[in-house]
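5 is the number of the first residue of the sequence shown in the working numbering; add one for each residue after it. A virtual CB, placed ideally from N, CA and C, is assigned to each residue, including glycine. First the structure, in the form of structure tokens, and then the observations on it.
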Amino acid sequence: MNKLVVGNLLYRPVRTLITTLAVATEVVMILCIVSIMYGQISNARSQTSGIGADIIVRPPNSSFLSGVGGAPVPASIARVLARLPHVAAAAPVITDLSTVGSVETIWGIDYPSYNALKPFVFLAGGPFTGPADAIVDDYFARSDHGHHVGELIQIKGNPFRISGIVEHGRGGRKFVPIRTLGGLLGNANNASLFYLSSDKEANQGAIEREIHATPGLEQYQVQTLDQWMSLMTPDHLPGFTPALDSVITIATIVGFLVIFQSMYTAVMERTREIGILKSLGASRLFIMGSVLREAALVTAAGIVLGLILTQVIKLGLAYRFPTLSFLISWQWRAAGIAIALAGALLGAIYPAMKAASKDPIDALAYE
Numbered sequence: 005m006n007k008l009v010v011g012n013l014l015y016r017p018v019r020t021l022i023t024t025l026a027v028a029t030e031v032v033m034i035l036c037i038v039s040i041m042y043g044q045i046s047n048a049r050s051q052t053s054g055i056g057a058d059i060i061v062r063p064p065n066s067s068f069l070s071g072v073g074g075a076p077v078p079a080s081i082a083r084v085l086a087r088l089p090h091v092a093a094a095a096p097v098i099t100d101l102s103t104v105g106s107v108e109t110i111w112g113i114d115y116p117s118y119n120a121l122k123p124f125v126f127l128a129g130g131p132f133t134g135p136a137d138a139i140v141d142d143y144f145a146r147s148d149h150g151h152h153v154g155e156l157i158q159i160k161g162n163p164f165r166i167s168g169i170v171e172h173g174r175g176g177r178k179f180v181p182i183r184t185l186g187g188l189l190g191n192a193n194n195a196s197l198f199y200l201s202s203d204k205e206a207n208q209g210a211i212e213r214e215i216h217a218t219p220g221l222e223q224y225q226v227q228t229l230d231q232w233m234s235l236m237t238p239d240h241l242p243g244f245t246p247a248l249d250s251v252i253t254i255a256t257i258v259g260f261l262v263i264f265q266s267m268y269t270a271v272m273e274r275t276r277e278i279g280i281l282k283s284l285g286a287s288r289l290f291i292m293g294s295v296l297r298e299a300a301l302v303t304a305a306g307i308v309l310g311l312i313l314t315q316v317i318k319l320g321l322a323y324r325f326p327t328l329s330f331l332i333s334w335q336w337r338a339a340g341i342a343i344a345l346a347g348a349l350l351g352a353i354y355p356a357m358k359a360a361s362k363d364p365i366d367a368l369a370y371e
């Protein structure tokens with residue numbers, strides 16, 4: 005049977021190649037979308053954990069997602085927070101989602117207070133020296149053929165001079181003075197949120213009570229870093245799971261239809277051959293098995309090709325866009341393989357049953 009299966013596939017090499025590529029595309033689509041989406045979550049978690057803050061304070065009704073919400077509250081609230089008994093440092097921050105040129109989150113920081121949370125590690129240059137300076141991390145510095153201290157870059161359509169390059173993992177990849185970013189947003193004295201470090205981890209609960217006891221801050225959202233981390237999962241991100249399910253469903257349908265069409269056409273083309281096999285005593289199970297093995301072999305080749313192409317894409321993106329997190333887990337590799345295989349076999353079942361049900365006399369008379 006194996007010789008028969010391989011011979012049938014090699015007899016129509018172009019169709020076999022196209023079917024293999026279609027299955028590979030299905031695998032690449034699933035793994036790439038999943039990897040980019042989960043990579044962004046992982047990147048946000050690692051970046052935020054490196055800020056050095058224990059507590060995040062947000063205005064009422066604001067989103068827990070960075071870059072959402074603008075700059076709605078006075079940055080001077082940071083001074084009120086810094087005076088609380090158990091707060092070691094408080095830093096006002098603006099996080100602004102920018103779509104000018106590329107999609108990225110720009111961070112506006114008050115350098116002294118933000119640096120007090122956890123000092124920057126400079127690889128080149130130093131802090132801001134003017135309102136049009138920017139600090140970038142080493143990942144961004146390596147992107148687009150490299151950036152260096154003193155270079156002018158565009159941020160929100162305005163020129164900024166790179167004053168320093170720091171180690172990654174401090175919340176964002178581009179930092180500008182908070183008043184400068186606030187001015188670009190029309191709120192020069194405002195902030196999006198506040199990062200706090202406590203004098204002791206055991207006092208985090210006391211800090212939350214002190215904040216809510218402060219006049220004007222009663223309705224502010226207070227989260228420990230651990231609480232924020234627990235929310236950074238697909239289940240808590242708006243639209244994440246439906247979007248992921250939609251992509252997987254579309255990819256599965258593509259694989260199903262391609263295998264169905266390929267195997268159905270193959271069965272119709274080999275009607276006489278099926279009649280000969282049945283007249284020689286081939287059972288329905290044998291006929292079905294040969295069709296399903298063809299589908300499985302093509303799918304296996306497509307899966308292997310898809311895994312290789314996904315790895316090539318990962319390497320290419322890492323070279324071209326070093327700031328993009330592309331996270332491929334073994335669990336999702338296994339899931340991608342299972343989804344592609346299941347869709348392909350489902351697509352092959354009807355053609356296999358149709359081939360097995362053919363009457364040998366009618367099949368031998370087929371022209």
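Which of helix, strand or coil DSSP assigns to residue i
| i | result |
| --- | --- |
| residue 80 | coil |
| residue 335 | helix |
| residue 196 | coil |
| residue 178 | strand |
| residue 71 | Residue confidence for residue 71 is low, a pLDDT of 48 falling below 50, so the modelled location carries little weight; the figure read from the coordinates is stated next. In the structure shown, residue 71 sits in coil (DSSP, three-state: anything other than H, G, I, E or B). |
| residue 48 | helix |
| residue 170 | strand |
| residue 214 | helix |
| residue 20 | helix |
| residue 87 | coil |
| residue 290 | helix |
| residue 100 | strand |
| residue 367 | Note that residue 367 scores a pLDDT of 49, beneath 50, so its modelled location is shaky; the value from the coordinates is reported in the next line. Three-state DSSP puts residue 367 in a helix. |
| residue 159 | strand |
| residue 201 | strand |
| residue 57 | coil |
| residue 298 | helix |
| residue 222 | coil |
| residue 164 | strand |
| residue 249 | helix |
CB of residue i within 8 Å of CB of residue j, strictly
| i | j | result |
| --- | --- | --- |
| residue 88 | residue 198 | no |
| residue 145 | residue 182 | no |
| residue 95 | residue 80 | no |
| residue 330 | residue 102 | no |
| residue 348 | residue 263 | yes |
| residue 93 | residue 201 | yes |
| residue 100 | residue 185 | yes |
| residue 97 | residue 314 | no |
| residue 1 | residue 125 | Nothing can be reported for residue 1: it is not among the residues displayed for the chain, which extend from 5 to 371. |
| residue 127 | residue 142 | yes |
| residue 58 | residue 229 | yes |
| residue 351 | residue 267 | yes |
| residue 173 | residue 51 | yes |
| residue 147 | residue 325 | yes |
| residue 210 | residue 90 | yes |
| residue 227 | residue 60 | yes |
| residue 20 | residue 308 | no |
| residue 28 | residue 310 | yes |
| residue 188 | residue 162 | yes |
Nearest residue (CA-CA) to residue i, options the options
| i | options | result |
| --- | --- | --- |
| residue 26 | 255, 316 and 189 | 255 |
| residue 64 | 77, 109, 97 and 54 | 77 |
| residue 42 | 333, 352 and 350 | 333 |
| residue 3 | 343, 204 and 161 | Not covered by the structure: residue 3. The range shown for the chain is 5 to 371. |
| residue 152 | 137, 160 and 111 | 137 |
| residue 335 | 158, 35 and 24 | 35 |
| residue 288 | 210, 30, 62 and 355 | 355 |
| residue 37 | 318, 54, 295 and 162 | 318 |
| residue 231 | 250, 246, 160 and 208 | 208 |
| residue 300 | 66, 353, 245 and 321 | 353 |
| residue 160 | 108, 196, 195 and 191 | 108 |
| residue 357 | 62, 296 and 312 | 296 |
| residue 62 | 337, 224 and 213 | 224 |
| residue 82 | 215, 341, 250 and 203 | 215 |
| residue 340 | 269, 253 and 290 | 253 |
| residue 328 | 48, 17 and 24 | 48 |
| residue 119 | 56, 150 and 219 | 56 |
| residue 123 | 150, 149 and 175 | 175 |
| residue 191 | 112, 305 and 316 | 112 |
heavy atom of the ligand ATP below 7 Å from residue i C-beta
| i | result |
| --- | --- |
| residue 267 | Ligands are entirely absent from the displayed structure, and the ligand ATP is therefore not among its contents. |
TODO: Would you check if there are 3 or more beta carbon pairs closer than 8 Å linking the stretch 120-134 to the stretch 162-176?
DONE: Yes, since at least three Cβ pairs between the stretch 120-134 and the stretch 162-176 fall closer than 8 Å, the two stretches touch.
Task: Entirely enclosed beta strand (DSSP E) segments - the stretch 111-156, minimum 3 residues - done: DSSP runs (the beta strand (DSSP E)) wholly in the stretch 111-156: 126-129 and 137-141.
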